[in-house]
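Position 4 (the sequence shown) corresponds to 3 in numbering that gives the first Met the number 0; numbering is contiguous.
No residue lacks a Cβ here, since even glycine has one placed at the ideal position from N, Cα and C.
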Amino acid sequence: MTNLPAQITVVMAVRNAAATLRDAVDSILHQTLAPAEVILVLNGCTDESQSIADDLAEGNKRIRLEKTDSTGGVAAAARLGCALAKSPLLARMDADDLSHPERLEWQYAALRENEADLVTCRVEALNSQGAGLDRFIDWANSLAEPEDFRRERFVESPVIQPGVLMSREAYQRAGGYRVEDGPEDYDLWLRMLADGACFVQAPGARLQWRDSATRLTRSHDDYSEQRMTATKARYLARLEKVRNNGVAIAGSGPIGRRLAGLLLAEGVQVHGFYDVAPKKIGKTALGLPIWAAGDLLAKINSPVLLGCVGRGGRARVRSLATTAGYREGDDFFACC
C-alpha cells in the first residue's frame, strides 16, 4: 500500500439531508489533502437534497451526481458510488456529518506508514441521543492497531463507516458492499478482515458524527441487535476452529442463547454454557448444559470460547479465559 498515490474518491450516500448536506460537502471539499472527486449518490430523496446537490455541483468538476431509488437503501447507494470511483483510494462520508480539515491527510499518512488497507479516524458525537452511543464511540476510538480490530471484531462493528479511508483494491477483493438484510458496513468489515486486510486508526484525524432519533443505525431493522448478532454468527461459523471444535458460550442469558441458536442454525456444534449464577449451574439452556464459570479451566473438549456477558462482564470473562490458556482472537472471542 505504500505506493498508492494520494488520489481519493469520497462517496457520500444522500437521503433527505437538505438541512446538513451543504456543510457536509463543504467540509470534505476543503480538506488539506483535497479529494480528486466527490460522488454524491441521491438515494430516493423527497426533500430539497437534489436541488442543493445540483447547486453544489454547478461549476465544480470534482462533484459528481448519481441517483438510486430507495429500494436498496444506503448499501446500494454506497455500492454504486464505490463502483464508479476512479481513484485508488475510497473515503466514506455521510451527508449529515463533518470532517476535520486534516482528516484525509492524516488518514493517508497512516495508510502509507502502516501499509494498511483501511484507516479509521477518531469520532466525536454531535447531538448525542444517549449514553449508549457515547460508550460505543469510546470503544471504537480505542481501536488503533491491526490486532485491536481483529481481536474485537465480534464485539461490535469495529469501524464507524463515515470515517473510513480504504484502498479500492482491498474493498473490491472482499466483494464490496452487499445489499442484503443486515448491516452492510459490518458485513464488509468482517469480510475484509477475514481476507487479511490490515486496519489501523489515524489518531489525528477527526469526524463529527451526527446523532438523531432518525439515524439509520437507530431506526432501521438492518442495524438492530438481532441483525447484528446474525451477522456475527454467520462469520463466526466460517472460522476453521469454530467449524472443527464447536463453541462454548460464557453467559447463558438472552445474548448468549440468541447467539447459540444462530450458530446451531449455521451447523456449528454448541457444547454448552458457562455462567456465574448459582441457580443456573447444573441446569440447561436450549437443551445444553450450563457449567460453573470456574470450569473454564477444564476447557471441555477444547471448543472455541465466546464471551456473551455484556460490556460489564467482558473484562471478567477475558481474565478467566486468559487464566485458562485461551488466546483471544484465536480460540476465544468477546462477542458483546
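Over what stretch of residues does the beta strand (DSSP E) that includes residue i continue unbroken?
i, result
"VAL13", "7 to 13"
"THR119", "117 to 125"
"LYS66", "62 to 67"
"ALA90", "88 to 93"
May I ask you to report which of helix, strand or coil DSSP gives residue i?
i, result
"ALA16", "coil"
"SER218", "Its pLDDT being 43, under 50, SER218 is placed unreliably by the model, and nothing is read from it."
"ARG288", "For the sequence presented, residue 288 should be read as Pro rather than Arg. Of the three classes helix, strand and coil, the one that applies to PRO288 here is strand, per DSSP."
"ILE280", "coil"
"ASP46", "coil"
"TYR176", "coil"
"GLY410", "With the chain covering only 0 through 335, there is no way to say anything about residue 410."
"LEU338", "Residue 338 is absent from the model: the chain starts at 0 and stops at 335."
"SER98", "strand"
"VAL308", "coil"
"SER166", "strand"
"ARG315", "helix"
"TYR325", "coil"
"ASP294", "helix"
"MET0", "Its pLDDT being 49, under 50, MET0 is placed unreliably by the model, and the measurement read from it follows with that caveat. Coil, per DSSP."
"GLU36", "strand"
"ALA143", "coil"
"ASP330", "coil"
"ALA52", "helix"
"ALA320", "helix"
Where does the unbroken alpha helix (DSSP H) through residue i begin, and where does it stop?
i, result
"GLN200", "Looking at the DSSP string, GLN200 is not in any alpha helix (DSSP H); the run it does join, the beta strand (DSSP E), is 198 to 209."
"PHE135", "130 to 140"
"GLY72", "72 to 83"
"PHE153", "Where PHE153 is concerned, there is no enclosing alpha helix (DSSP H), given that its DSSP letter is neither H nor E."
"VAL241", "239 to 244"
"ALA367", "Outside the shown range of the chain, which is 0 to 335, sits residue 367, and nothing can be said about it."
"ASP186", "183 to 193"
"ALA236", "Note, ALA236: premise wrong, no alpha helix (DSSP H); not H, not E."
"PRO161", "No alpha helix (DSSP H) contains PRO161, which DSSP labels as neither H nor E."
"GLY260", "253 to 264"
Between the Cα of residue i and those of the options, spot the shortest distance and give me the residue it belongs to.
i, options, result
"ALA90", "LEU125, LEU39, GLY306 and LYS282", "LEU39"
"THR119", "GLY203, GLU179 and SER86", "GLY203"
"TRP138", "ASN126, ARG152 and LEU125", "ARG152"
"LEU97", "LEU235, GLU123 and MET191", "GLU123"
"ASP93", "ALA108, ALA333, ARG172 and ALA16", "ALA16"
"GLU239", "TYR185, GLY181, VAL303 and VAL154", "VAL303"
"LEU189", "ALA76, ALA201 and GLN160", "GLN160"
"GLY250", "TYR234, PHE332 and GLN207", "PHE332"
"ALA232", "VAL269, ASP147, ARG102 and GLN207", "VAL269"
"ALA84", "GLN6, GLY131 and ALA143", "GLN6"
"ASP133", "GLY293, TRP105, ASN42 and GLN207", "GLN207"
"ALA169", "ASP184, ARG111 and ALA196", "ALA196"
"GLU104", "ALA259, ASP329 and PRO4", "PRO4"
"ALA82", "GLU65, ASP54 and LEU110", "GLU65"
"ASP342", "ARG102, MET191, THR228 and VAL241", "Nothing in the structure corresponds to residue 342, since the chain is present only between 0 and 335."
"GLY72", "ASP53, ALA320, PRO182 and SER166", "PRO182"
"PRO87", "ASP22, LEU142, LEU285 and ARG172", "ARG172"
"VAL241", "ARG256, LEU258 and VAL267", "VAL267"
Please say whether residue j and residue i have beta carbons closer to each other than 8 Å?
i, j, result
"TYR176", "LEU187", "yes"
"ARG209", "THR19", "yes"
"ILE289", "GLY309", "no"
"LEU295", "ALA264", "no"
"PRO145", "VAL199", "yes"
"ALA193", "ARG150", "no"
"ILE27", "VAL10", "no"
"ALA108", "ALA12", "no"
"CYS334", "LEU287", "no"
"ALA346", "VAL178", "Nothing about residue 346 can be read from this structure; the chain reaches only from 0 to 335."
> So, do the stretch 268 to 288 and the stretch 223 to 240 have three or more beta carbon pairs nearer to each other than 8 Å?
Replying inline: Contact between the stretch 268 to 288 and the stretch 223 to 240 is absent: fewer than three C-beta pairs spanning the two stretches fall below 8 Å.
>> With three or more C-beta pairs closer than 8 Å as the rule, is the stretch 19 to 38 touching the stretch 53 to 68?
In response: Touching, yes.
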